[in-house]
């Protein structure tokens, strides 16, 4: 089902907001002489409930930093992050994830479930269902150190969903996946959208972004260069890749 | 509390799988070799030597585990970026610190008391009679090492694992020399030296107060009531250190 | 091919050098009679736990030092400093005093042996072994005309301590007799009789028979002073055994 067939409003602010970012700035000091580097220079973003939002940008644009500030892993220098959901309803997959390699897939999901203080029956049922959903039921008893990159990515998505979150943040979810893996992850993301979840993900694979997202934002050098519906971008350039290049080289 | 327990259990699994139990095996072998060797060279004092040097070995082996594992506990999570996964969930920073601390304390208990049991059996074999005070001495060594773990975890939140380990060892040594520092507060000529010594004396945990090795080998009389108070003091010390570590860790960005 | 061979050759040569040098070192160096022993005062401020470990480590060194020099040159220059260190840091380490005292005899220093044992007795006043050893050392090694009396005094002290064996009071009494302290000897032998077994009583009666006056009346008078040392039944038995029962 393509993006154009979804009933997506043109203006995100008409829908309830899952995440609102206003004038977000982040300055870090680096090096022996504590040189100040401005990573985010006034980011404005709005993500509506129930939409699949793509956050794009070249390396070093500030996408991961933005996500980390949303999750509380970093503190903003200034600006606001309006998040309507508590931490218990957020799921996160980091970029190039590393998990506890001495745990099996099942043990790791159980550990993640315990951190949400899920009741035992709910936790066990969810672990089982998630392992099936990400196609790792056969590898459930295998230690994570023996997992391939793709398997790690899939267990990562599973741990991001263990609490049945309303907002799912995925940082480069397709990285390292083979084409079959990518199809599976895309189908998971579509499933989340169908269930009314809000998804925000970073990706360099623009074809996937075009296929999955309702709206996108393009960042460069710590600011949002463009934010709007995917179809608007496609209408302007015919091709998301061309549009992206135009925005970041402008 | 259950999140603290979850982190503690995970840490225990992580550290106990790290071949750390090999330390116990190494210690057991050392005890066996030591009992034969000491029997030959100590002129009938093998029992006393085994108790003394055995407790020293328990302390040193335990210290190695406490500082080297304790120093990398937090840093490992940051370097391997598992903190991203952890703190995206409703896990507080202090819950994380306390959970990691408790997990390592559980591992340290297994290692220390495992060595203690081997020492007890070796001394029983050599001395032909059991010495239950040895197990109490090992338990008190464990209490000292718990304090070292807490201090090392605090240092690891602000500096590298190597430096945190070195500082952890320094605190252990300073804790054993606490009475010397107290002497400096009384004997130093300069008010500045006296004041600085007093600050160091209060800041450094008095680990020697719960060391009963001298009593186990017959050089001192152990005072149970005083011991109880000192253990309480060390528990309070740990709480202060962990609160500081949590405060520092809360300010950290990843 | 040449490189692995070269590395293997290097390994063999270095391993051989290490083994040969290490295994010939004892013959090459020769044990020195004078070794550095730190003064105990440097360690006195350390915690008791540290002090006992240092004492035990030095104890092992002391034994090795003593054994080595006993078999070789017979020089024990550093023996006393080592024993001083061990016993200062671990004053309840009794074996160090006893073994050390005998080792110091081999070092031709009976005065230091005596001093060491006295120090040990001060630190362990309830242990009968110390005065017993002091008595033995005084009797055996003292170059003193009063050595019997001094030894007797020590054995008497040992006799008064708990846990001492039965022969200690007998030794004390015998030495008091030898030293000419008649009244004390009578009292000591009476004490042996009062608490001794059959053998001790026989010894006591024999000794008292020689010490006391031969006249029964006089003998009974001399024994009056020891009446309070024993129960009336035992006292009358003693009088019977000494042939003054009818007086």
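Chains as they are written, first to last, in the working numbering: chain C, 121 to 370; chain G, 576 to 829; chain F, 4 to 250. Heads up, the beta-carbon is just placed ideally off N, CA and C, and yes, glycines get one too. Quantities reported herein were computed from a predicted structural model and do not represent experimental measurements.
Report the three-state DSSP secondary structure of residue i (helix, strand or coil).
i	result
residue 165 of chain C	strand
residue 228 of chain F	helix
residue 143 of chain C	strand
residue 620 of chain G	coil
residue 212 of chain C	strand
residue 731 of chain G	helix
residue 204 of chain C	coil
residue 370 of chain C	coil
residue 349 of chain C	strand
residue 688 of chain G	helix
residue 132 of chain F	helix
residue 752 of chain G	coil
residue 199 of chain C	strand
residue 159 of chain C	strand
residue 150 of chain C	strand
residue 31 of chain F	Low per-residue confidence applies at residue 31 of chain F: pLDDT is 49, beneath 50, and the placement is therefore not dependable enough to give any value.
residue 121 of chain C	For residue 121 of chain C, the predicted structure reports a pLDDT of 35, less than 50, and the residue's modelled location is therefore unreliable. A value from the coordinates is still provided. Correct three-state label for residue 121 of chain C: coil.
residue 340 of chain C	strand
Judging by CA-CA distance, which residue of the options is the nearest neighbour of residue i?
i	options	result
residue 327 of chain C	C:334, C:173, C:361 and C:186	C:361
residue 268 of chain C	C:313, C:147 and C:301	C:301
residue 171 of chain F	F:246, F:96, F:109 and F:131	F:131
residue 146 of chain F	F:84, F:111 and F:81	F:111
residue 126 of chain F	F:216, F:105, F:97 and F:151	F:97
residue 247 of chain C	C:224, C:266 and C:265	C:224
residue 199 of chain F	F:5, F:173 and F:186	F:173
residue 40 of chain F	F:51, F:219, F:218 and F:57	F:57
residue 263 of chain C	C:297, C:236, C:227 and C:139	C:227
residue 160 of chain F	F:87, F:129 and F:23	F:129
residue 182 of chain C	C:340, C:366, C:356 and C:350	C:340
residue 293 of chain C	C:370, C:139 and C:217	C:217
residue 105 of chain F	F:43, F:70, F:244 and F:60	F:70
residue 588 of chain G	G:665, G:724 and G:674	G:674
residue 270 of chain C	C:166, C:255, C:284 and C:281	C:255
Do we get a CB-CB distance below 8 angstroms when we pair residue i with the residues of chain G?
i	result
residue 194 of chain C	yes
residue 31 of chain F	Because the pLDDT of residue 31 of chain F is 49, which lies under 50, any placement of that residue in the model is unreliable, and the number read from its coordinates should be weighed accordingly. So, not an interface residue.
residue 188 of chain C	yes
residue 239 of chain C	no
residue 274 of chain C	no
Between residue i and chain F, is any beta-carbon pair separated by less than 8 angstroms?
i	result
residue 716 of chain G	no
residue 616 of chain G	yes
residue 772 of chain G	no
residue 606 of chain G	no
residue 690 of chain G	no
residue 609 of chain G	no
Determine, using beta carbons only, whether residue i comes closer than 8 angstroms to chain C.
i	result
residue 781 of chain G	no
residue 707 of chain G	no
residue 825 of chain G	no
residue 829 of chain G	yes
residue 594 of chain G	no
residue 650 of chain G	no
residue 735 of chain G	no
residue 640 of chain G	no
For a contact meaning CB atoms closer than 7 angstroms, what does residue i contact in chain G?
i	result
residue 55 of chain F	627, 788, 789, 792 and 794
residue 52 of chain F	783, 786, 788 and 789
Opposite residue i in the DSSP bridges: which residues?
i	result
residue 325 of chain C	Paired residues: none, contrary to the question.
residue 291 of chain C	C:322
residue 198 of chain F	Beta-bridge pairing links residue 198 of chain F to no other residue.
residue 173 of chain C	C:320 and C:335
residue 137 of chain C	C:168
residue 224 of chain C	C:263
Give the interface partners of residue i over in chain F, defined as CB-CB distance under 9 angstroms, in chain order.
i	result
residue 758 of chain G	48
residue 754 of chain G	48, 49 and 50
Residues of chain G with CB under 8 angstroms from residue i, in chain order?
i	result
residue 210 of chain C	663
residue 231 of chain C	581 and 585
residue 152 of chain C	Within 8 angstroms Cβ-Cβ: nothing; residue 152 of chain C doesn't reach chain G, min ~15 angstroms.
residue 236 of chain C	664 and 665
What residues of chain C sit near residue i, judged by a beta carbon separation below 9 angstroms?
i	result
residue 588 of chain G	220, 222, 223 and 227
residue 556 of chain G	Outside the shown range of chain G (576 to 829) lies residue 556 of chain G, about which nothing can therefore be said.
Can you list the residues of chain C that residue i reaches, using a CB-CB cut of under 8 angstroms?
i	result
residue 655 of chain G	218
Using the beta-carbon of each residue, which ones in chain F are nearer than 8 angstroms to residue i?
i	result
residue 576 of chain G	Neighbours of residue 576 of chain G on chain F: none; closest Cβ ~36 angstroms, over 8 angstroms.
Let me check you understand the geometry: is the CB of residue i closer than 7 angstroms to at least one non-hydrogen atom of the ligand ZN?
i	result
residue 100 of chain F	The ligand ZN is absent from the structure shown, which contains no ligand whatsoever.
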